[in-house]
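Asks: Mind having a look at this structure? Questions to follow.
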Amino acid sequence: MIRSDIIRGHLDSIILRLIVEKDRYGYEISKEISQRTDERFQIKEATLYAVFQRLEKKELIESYFGNKSKGGKRKYYRITTLGKAYFRETVEEWKEMKDIIDIFMEGFN
Amino acid sequence: MKKLTQHVNDLFKDVPESEKKTIIVQEVLQNLEEKVWDLMEQGKEEEDAINKAIVDFGDIEELKKELGVTAQSTDEHSKKLKNSKLNLEYSIWGSLLLIGLFVFINFYYSPQVIWFVYPTFGVLWWPLSMYYRYSGLKRGA
């Protein structure tokens, strides 16, 4: 499993990506992350809710209550226009950064 | 499931009560329950499933920071703002008195030379600096 402090700065982007695809709720997101990474990265739920708070405060995502499922009502998150634009920019930034870091990391054994 | 509810309430016990907290606690609980059901469907005993959900949940310090500490810091901020407003008012009244004194001495003892303007400029630095501090804090709110 990857060191969580390294991935920490990119959690917002990871979660934004999942919400860009479609509206999702908390457990769905944490499950999706584990599945897509083959369990190589698992997000702590506590961290997840902190990210939701942060993103909602920045108005990158917004929430609404879905239909009653087993138990209580699910709280879904949807992306805002601002969130979409922000995510697009993050992707560009990441590509740029990856190129730069690769210059120094590639080809070393 | 009672154990789960109790655990979540325990986790959030330091967070000051608010509408926001109630909503988050509900959300956390709902998602945890769903996780427990999911784990049970995969063949875990209820007891094990609940324990795993609790362990996986992790440390809520960061979440607390997003929730509680910010409320506290705005409280501190408003106290500072109030204080600096008081300082500003004090400096305005104080400098008016001083300038008045200069004007009085000037016109009473030496009306032929107008010199009170010079110390007035000096004194004005006082309310001016207080004003900048006040407006800076206000903008930071």
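Protein chains in written order, with our numbering: chain Z, 7 to 115; chain H, 14 to 154. Glycine residues also receive a C-beta, built at the ideal position from the N, C-alpha and C atoms. In this text the structure is predicted, and so the values were computed from the model without any measurement.
1. Whole beta strand (DSSP E) runs in the region 31–67 of chain Z with 3 or more residues, listed along the chain?
2. Relative to the C-alpha of F58(Z), which residue among E45(Z), G89(Z), E98(Z) is closest?
3. So who's on the other strand from I20(Z), going by DSSP bridges?
4. Find the residues of chain Z that neighbour G71(H), judging by a C-beta separation of less than 8 Å, and give them in chain order.
5. Please report the Cβ distance between I49(Z) and I39(Z), rounded to the nearest whole angstrom; I am assuming they are in contact, meaning their Cβ atoms lie under 8 Å.
6. Assuming L94(H) and L150(H) are in contact, meaning their beta carbons sit under 8 Å apart, how far apart are those beta carbons, in whole angstroms?
7. Is G89(Z) close to chain H? Criterion is C-beta to C-beta, closer than 9 Å.
8. For my contact list, Q55(H) and G78(Z) are in at a C-beta cut-off of 8 Å; report their separation, rounded to the angstrom.
9. Tell me whether S69(Z) sits in a helix, a strand or coil according to DSSP, three-state version.
10. Under the rule that 16 or more other beta-carbon atoms within 10 Å means buried, what is E46(H), buried or exposed?
Replies: From the atom records:
1. none
2. Sequence index remark: in the first sequence, residue 58(Z) carries index 52 (1-based). It is G89(Z).
3. Taking the first sequence and counting its residues from 1, one reaches residue 20(Z) at position 14. None; I20(Z) has no bridge partner.
4. Start at 1 with the first residue of the second sequence, and residue 71(H) comes out as number 58. Ordered by position in chain Z, the residues that pass the 8 Å Cβ test against G71(H) are K50, E51, A52, T53.
5. The residue given as residue 49(Z) occupies position 43 in the first sequence. The residue given as residue 39(Z) occupies position 33 in the first sequence. Yes, they are in contact, since the Cβ atoms of I49(Z) and I39(Z) sit about 5 Å apart, within 8 Å.
6. Along the second sequence, read from residue 1 onward, the residue named residue 94(H) stands at position 81. Along the second sequence, read from residue 1 onward, the residue named residue 150(H) stands at position 137. Yes, L94(H) and L150(H) are in contact; Cβ-Cβ is about 5 Å, under 8 Å.
7. In the first sequence, the residue the question calls residue 89(Z) occupies position 83. False, the Cβ-Cβ gap to chain H never drops below 9 Å.
8. Position 42 of the second sequence holds residue 55(H). Position 72 of the first sequence holds residue 78(Z). Contact doesn't hold; Cβ gap of about 22 Å is too wide.
9. Here residue 69(Z) is taken as the residue at index 63 of the first sequence, counted from 1. Residue state, collapsed to three classes: strand.
10. Residue 46(H) sits at position 33 when you count from the first residue of the second sequence. Burial call: buried.
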